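Numbering (our numbering), first residue to last: 430 to 1139. Where is the CB? At the ideal position from N, CA and C, for every residue including glycine. The structure displayed is predicted, hence computed values, not measured ones. Before any comments, here is the structure.
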């Protein structure tokens, strides 16, 4: 261990006293076929796989100390090679981000990058070949530690392998940006570092790691290490030759970087710097100067650690990983009642999706009802078809598919279907009178303990329950479309909802693997209220005279997953109009009903755009419908107006107690509307841009929560 590395890591460790420390255990073994004595380093933090191994400063120091020993043995000729592997199911998942959050100075952030590089580079400088055995989940710095080795094997059982840094607002800063393109070529590296990260942190499986050329050999999980060591012996004694394709360092490299910039532009629109910093390093790595690449990684890492986007990204990560698991305001889970049968009122697309989700996750009988047999049969048929898709993809076996199909049924008579149901959810037409009538019919036939849940997106849960004998068991259970993909579930407490019903709703949400957020019974709850105010302001400026394309382009710097009018197309203009009308009745001073949107709906148009050319273009028929004023705003004016409106609405929602804290607003937007991690949802961005202060006179979040600590 060099003195400078020792000092770097010691100083960093002092800044991070609560690190979960990873040990680096060195053991020696004789390789098969008399290949020689081998040193194997195993990374292990002393916990099982539910607490993955990470690299904080003390952990890096421990690995550095292990490499001191191995280096001495390699130099002395007492070992023929060295390997690195992890504890069961986990290789290593990268830097300990809890420590990164605590950093306040650029020089401390720089030390994190340099410390990691100094330790990992030692694998490449040993006097013997080095081997990484990716036995389990490997992410970030875990992947990068292996990239510094001479050779790599991967287990077919590896469930998750990625360089997720760009997703969080960082770059792969311990060798990934420089080493990976030089190993597998720039185009594949761009896919792993940029494209996968910006696609909601898409993970690779073990076989994909091998196919990309990141690993030199692929073995089954059951005897992975044993077979890796046999393969290692073959490499060392010359019976196994590792061949890697030549990397294209010409125009192919440049095209790959250009493709990466297009991907970044389409995802973040220049609003977050991490992807572009990573691409700059990949571009510069074309000449193979690894040290220059490592130095650039150090600088980028330090700059980004001290930037607002990363802090917002870490804030978002903590929301999804921690707050989502302990919903604010949820009752004691011991109050929850068991759910052994589920009823679904309605058999349309939304109801059928709900039936499929409950069936797959709870594996209890699910009964659908509707107004005629044709609709019921269609709903059950949808569920059967979805199960067949799972079977075709190998997600379930034939026995499981048969069992699931046997658990779903449909009936016309609610008394027949729901008399022993513990949980009944309605997904019928979004009209208060219809829902009240449905609940009255259901209450008359279900057991006394049964929960009555509504999937309403904007109507009052309390009003829905008002005429019932037992309104205390009615709860809002608002899913987001597509149900199978979007994680958010807004759980709405009506005025009379009791703790046992609410606790049961949260217990069911957990089994459904949804991110549940407790929401007050207020118009449109959280996501739809914010999105309607956001989109309403866009529609207002269009109605007043700003061109459609200019109004949309104004919010591109937010880096949202899609433009407002593309989102409207996805939601459906009729639904958007209905929600805006609901909110207009509740808050007429802030929510308008756009006459142009009403005209689009009346004309039966599916949206504002046509997609004939592959890119969205304003539909000429819609353009002919639009009636606009003569007030044309600049993009900056549009953006300011939209953000001011959103900041005002969030401030009012927090004052009303719609959710417990601003963090719940952000959690809802991230998991229910796909708002980007680099924004931290929305409130960190509004704070950082000064909008919160301008509109509400104060920031939404405490200093340091989603920003650099003061």
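Three-state secondary structure (DSSP) of residue i
i, result
"residue 963", "helix"
"residue 472", "strand"
"residue 807", "helix"
"residue 459", "strand"
"residue 466", "strand"
"residue 832", "helix"
"residue 632", "coil"
"residue 793", "coil"
"residue 734", "helix"
"residue 661", "helix"
"residue 872", "helix"
"residue 954", "coil"
"residue 919", "strand"
"residue 773", "strand"
"residue 1130", "coil"
"residue 591", "strand"
"residue 948", "strand"
"residue 975", "coil"
"residue 936", "helix"
"residue 484", "strand"
"residue 647", "strand"
Cα-Cα separation, residue i to residue j
i, j, result
"residue 1106", "residue 598", "8 Å"
"residue 480", "residue 920", "29 Å"
"residue 707", "residue 726", "8 Å"
"residue 650", "residue 454", "21 Å"
"residue 512", "residue 657", "10 Å"
"residue 1071", "residue 918", "26 Å"
"residue 998", "residue 931", "34 Å"
"residue 813", "residue 565", "34 Å"
"residue 886", "residue 1048", "28 Å"
"residue 857", "residue 593", "40 Å"
"residue 940", "residue 449", "29 Å"
"residue 870", "residue 799", "12 Å"
"residue 694", "residue 664", "43 Å"
"residue 634", "residue 821", "19 Å"
"residue 712", "residue 465", "41 Å"
"residue 958", "residue 951", "9 Å"
"residue 753", "residue 828", "34 Å"
"residue 458", "residue 616", "39 Å"
"residue 506", "residue 483", "31 Å"
"residue 745", "residue 1096", "7 Å"
"residue 730", "residue 682", "23 Å"
"residue 436", "residue 486", "11 Å"
"residue 1002", "residue 850", "35 Å"
"residue 985", "residue 842", "50 Å"
"residue 872", "residue 853", "10 Å"
"residue 724", "residue 685", "22 Å"
"residue 692", "residue 881", "44 Å"
CB contact flag (residue i, residue j, <8 Å)
i, j, result
"residue 472", "residue 456", "no"
"residue 557", "residue 489", "no"
"residue 1037", "residue 987", "no"
"residue 569", "residue 523", "yes"
"residue 884", "residue 788", "no"
"residue 623", "residue 704", "yes"
"residue 1022", "residue 1077", "no"
"residue 605", "residue 576", "yes"
"residue 625", "residue 714", "no"
"residue 653", "residue 584", "yes"
"residue 1137", "residue 740", "yes"
Same chain, Cβ closer than 7 Å to residue i, five either side skipped, listed in chain order
i, result
"residue 659", "461"
"residue 926", "901, 903, 904"
"residue 786", "912, 913, 941"
"residue 662", "460, 461, 462, 464"
"residue 781", "808, 811, 812"
Contact set for residue i: own chain, Cβ-Cβ below 8 Å, skip 5 residues either direction
i, result
"residue 861", "888, 889, 892, 893"
"residue 1010", "1022"
"residue 508", "457, 465, 466, 467, 468, 499, 502, 557"
Residues near residue i by beta carbon distance below 6 Å, same chain, minus five either side
i, result
"residue 1035", "none"
"residue 970", "980, 1062, 1067"
4 or more residues per run - each alpha helix (DSSP H) lying fully within the region 508-579
If we require 4 residues or more, the alpha helix (DSSP H) runs fully inside the region 508-579 come out as 526-531, 535-554, 570-576.
Whole beta strand (DSSP E) runs in the region 666-706 with 3 or more residues, listed along the chain?
Listed in chain order, nothing qualifies, since the region 666-706 has no complete beta strand (DSSP E) run of 3 or more residues.
Could you tell me which whole alpha helix (DSSP H) segments of length 4 or greater appear in the region 882-908?
890-894, all fully within the region 882-908.
In chain order, what are the residue ranges of uninterrupted beta strand (DSSP E) at least 3 long that sit wholly in the region 1003-1084?
Here no run is fully enclosed.
If we require 4 or more residues per run, which alpha helix (DSSP H) segments fall completely within the region 1092-1124?
Counting only runs of 4 or more, we get 1112-1117.
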